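J.: Numbering (our numbering), first residue to last: 84 to 356. Using N, Cα and C, we set each Cβ at its ideal position, and we do this for glycine too. Given the structure is predicted, the values throughout are model-derived calculations rather than measurements. Below is one structure. I have some questions about it.
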Amino acid sequence: MGRLMGLIINPISLSPYLLISGSNDMNFTGQVAIITGAASGMGAATARELAAAGGQVVIVDRNESLARQVAGDIDAGEPIIGDVSDSAFCNRAVEATLARHGRLDVLVNAAGVIVRASGEQTTDEQWQRIIGVNLNGVFFMCRAAIPAMKRQGKGAIVNFGSIWGDVGAAGVAAYCATKGGVHLLTKAMALDHATDGIRINAVCPGEVNTPMLQSERHEPVTPEMMQKIADTVPMGRLAEPVEIARVVLFLASDAASYMTGSLVAVDAGYTAR
Ligand SMILES: NC(=O)c1ccc[n+]([C@@H]2O[C@H](COP(=O)([O-])OP(=O)(O)OC[C@H]3O[C@@H](n4cnc5c(N)ncnc54)[C@H](O)[C@@H]3O)[C@@H](O)[C@H]2O)c1
């Protein structure tokens, strides 16, 4: 919590409120955070940043070896291994966290997959798989986490959207559909819980240098190909995962106390055009 600065009268509502200094608002000491997809990329970067800010991280991922590696690095305890497209697994992950730590303050939904195909070329299996992980998984985790946050009267959820949930792109139709779904799910659930003390926002990254950026491509990944992608970005470069993680931490923290239902682009100007 931040330092108390004084009692102010709000001229709009005429009710007094406490103005809090922002100096310590991004300290997560005493807070418990579940991070899905924390074994790699931006989820892993978020786990490392949150742990460095004092938070107790619970890693949820389907990749056991990578999850154990990150968990070991940040002293996160036993990672919870499974598939977020399974609602029963999501319920179990939250139950295990509560049994272990007795509370849940933050949920970051970073687990995700990509399918690189036009709508016409997308198979039933690809469609169901990506909807299952990217959209159902986010919904199942949010739904599982909310009762505990409600009981506490406080909680913050940060979902991973994307520039491709805002603007379309050729060759990734199903992915765009899932991220557009995450954006509206974020807004709708933020409204559901606006008076419960639970804030729900989404971070919407642009082109980020993670394994996903290179995965599922139809041609070998070369430095020239990565440069071509960077050239599509107004700032002319890819993001590093930590540049997104820092924004996730802000949204999850008390520093963002007046934000809910926001879609925050971290895309070096990509969607500003
Ligand atoms: N890389 C980008 O350029 C980019 C841009 C915008 C949005 N995103 C989104 O950011 C999020 C993080 O992506 P990243 O680039 O760090 O990817 P990444 O591939 O590095 O990490 C994704 C993690 O999710 C885990 N995961 C995948 N399916 C899972 C499942 N069913 N259950 C549990 N865990 C699962 C993977 O094991 C992996 O550890 C994703 O939601 C992605 O769609 C990525």
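Could you tell me the alpha carbon to alpha carbon distance between Gly137 and Met109, rounded to whole angstroms?
T.: Position 54 of the sequence shown, counted from the first residue, corresponds to residue 137. Position 26 of the sequence shown, counted from the first residue, corresponds to residue 109. Their Cα atoms are separated by approximately 9 angstroms.
J.: In terms of alpha-carbon separation, which member of Ala227, Val143, Leu181 lies closest to Gly165?
T.: Sequence index remark: in the sequence shown, residue 165 carries index 82 (1-based). Cα-wise, what sits closest to Gly165 is Val143.
J.: Check whether the Cβ atoms of Arg199 and Gly289 lie closer than 7 angstroms to each other.
T.: Mapped onto the sequence shown, residue 199 falls at position 116. Mapped onto the sequence shown, residue 289 falls at position 206. Inclusion of Arg199 and Gly289 in the CB contact set at 7 angstroms is not warranted, their separation being larger than that value.
J.: For a test of the three-state rule: what should DSSP assign to Ala313, helix, strand or coil?
T.: One-based indexing of the sequence shown puts residue 313 at position 230. In the structure shown, Ala313 sits in a helix (DSSP, three-state: H, G or I).
J.: Decide if Asp188 is buried, meaning its Cβ has at least 16 other Cβ atoms within 10 Å, or exposed.
T.: The count along the sequence shown starts at 1 and reaches residue 188 at position 105. Flag for Asp188 reads buried.
J.: Can Glu290 be considered in contact with ligand 1, in the sense that its beta carbon sits closer than 6 angstroms to one or more heavy atoms?
T.: Position 207 of the sequence shown, counted from the start, is the residue given in the question as residue 290. Glu290: yes, Cβ under 6 angstroms from ligand 1.
J.: For the region 340-356 and the region 238-253, state whether three or more C-beta atom pairs, one from each stretch, are separated by less than 8 angstroms.
T.: yes
J.: Considering just the uninterrupted stretch of the beta strand (DSSP E) at Ala239, what are its terminal residues?
T.: To locate residue 239, count along the sequence shown from 1; it is residue 156. That run of the beta strand (DSSP E) goes 238-243.
J.: Go through its chain and collect everything with a Cβ distance to Arg356's Cβ below 8 angstroms, but skip five positions before and after it.
T.: Here residue 356 corresponds to residue number 273 of the sequence shown, with the count starting at 1. Here the set comprises Pro317.
J.: Spell out the partners DSSP gives Asn284 in its beta bridges.
T.: Looking up residue 284 in the sequence shown gives position 201. BP columns for Asn284 point to Val241.
J.: State buried or exposed for Lys311, treating a residue as buried only when at least 16 other CB atoms are found within 10 Å of its CB.
T.: By 1-based counting over the sequence shown, the position of residue 311 is 228. Lys311 is exposed by the Cβ-count criterion.
J.: Is the CB-CB distance between Arg282 and Ala239 below 7 angstroms?
T.: The sequence position of residue 282 within the sequence shown is 199, counting from 1. The sequence position of residue 239 within the sequence shown is 156, counting from 1. The answer is yes: Cβ separation under 7 angstroms.
J.: I need the straight-line Cα distance from Val141 to Ala176, nearest angstrom please.
T.: What you label residue 141 is simply residue 58 of the sequence shown in a count that begins at 1. What you label residue 176 is simply residue 93 of the sequence shown in a count that begins at 1. Their backbone Cα atoms lie some 9 angstroms apart in a straight line.
J.: Relative to the C-alpha of Gly120, which residue among Met295, Ala313, Arg329 is closest?
T.: Locating residue 120 in the sequence shown gives position 37, counting from the first residue. Distance check between Gly120 and each of Met295, Ala313, Arg329 places Met295 closest, using alpha-carbon atoms only.
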